[in-house]
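Participant: Mapping the sequence shown onto UniProt numbering, position 58 (from 1) lands on 58, and the numbers just tick up by one.
Heads up, the beta-carbon is just placed ideally off N, CA and C, and yes, glycines get one too.
Computed from a prediction, not measured in an experiment: that's the story for all the values here.
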Amino acid sequence: MRDWCKASHEEIKVTVKQKLLIERLELEDVTAEDIDDEAPLFVEGLGLDSVEAFEVMVGLEVVFGVMVEGIETLQLKAHLHSVDSISRFIKQYVEAQFPAAAAAAGDN
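1) Check F98 in the structure and name its three-state DSSP category.
2) Pull up the distance between the alpha-carbon of N108 and that of W4, whole angstroms please.
3) Using DSSP with H/G/I as helix, E/B as strand and the rest coil, what is V56?
4) Against chain B, with Cβ distances strictly below 8 Å, would V14 count as a contact?
5) Can the beta-carbon of S87 be found less than 8 Å from the beta-carbon of K19?
6) Can you name the start and end residues of the alpha helix (DSSP H) that A78 belongs to?
7) Beta-carbon separation of L76 and V68 under 8 Å?
8) According to DSSP, is L41 helix, strand or coil?
9) Given a cut-off of 8 Å, decide if V83 and V16 are closer than it, judged by their beta-carbon atoms.
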């Protein structure tokens, strides 16, 4: 698995769009350029539903190694609001889980 501590916020956003949303959810008619980083992913915006929300949560673990179990519903909803919020959540999670790697990445 890739060391996400070393990845920039932009690199994570690109991967969220391509791997987590487009490929995992099989969004055939959507490109990464079509997805606004700040736009809501559910209901309005991209228009994802609750089944797709579950797939996004599973994908967070598969693609990024991020576990969402134990996170309060309202907090998780805020983390999954947009590509930008998901990317920030991933970065915070991996830095909290692997502080030594995050510190080393910050030294580069």
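Facilitator: Reading it off the structure:
1) Residue numbering aside, residue 98 sits at position 98 when the sequence shown is read from its first letter. Three-state result, F98: coil.
2) Start at 1 with the first residue of the sequence shown, and residue 108 comes out as number 108. Start at 1 with the first residue of the sequence shown, and residue 4 comes out as number 4. Here N108 scores only 49 on pLDDT, less than 50, and its place in the model is too uncertain to base an answer on.
3) Within the sequence shown, residue 56 is the residue found at index 56, counting from 1. Helix, per DSSP.
4) In summary, chain B is missing from the structure at hand, where a single protein chain is found.
5) The residue you call residue 87 lines up with position 87 of the sequence shown. The residue you call residue 19 lines up with position 19 of the sequence shown. Going by C-beta atoms, S87 is not nearer than 8 Å to K19.
6) Position 78 of the sequence shown holds residue 78. Per DSSP, A78 belongs to the alpha helix (DSSP H) from 73-79.
7) Here residue 76 corresponds to residue number 76 of the sequence shown, with the count starting at 1. Here residue 68 corresponds to residue number 68 of the sequence shown, with the count starting at 1. A contact, by the Cβ cut-off of 8 Å.
8) By 1-based counting over the sequence shown, the position of residue 41 is 41. DSSP places L41 in the coil class of the three-state scheme, outside both helix and strand.
9) The count along the sequence shown starts at 1 and reaches residue 16 at position 16. The count along the sequence shown starts at 1 and reaches residue 83 at position 83. Cβ distance < 8 Å, so V16 and V83 count as in contact.
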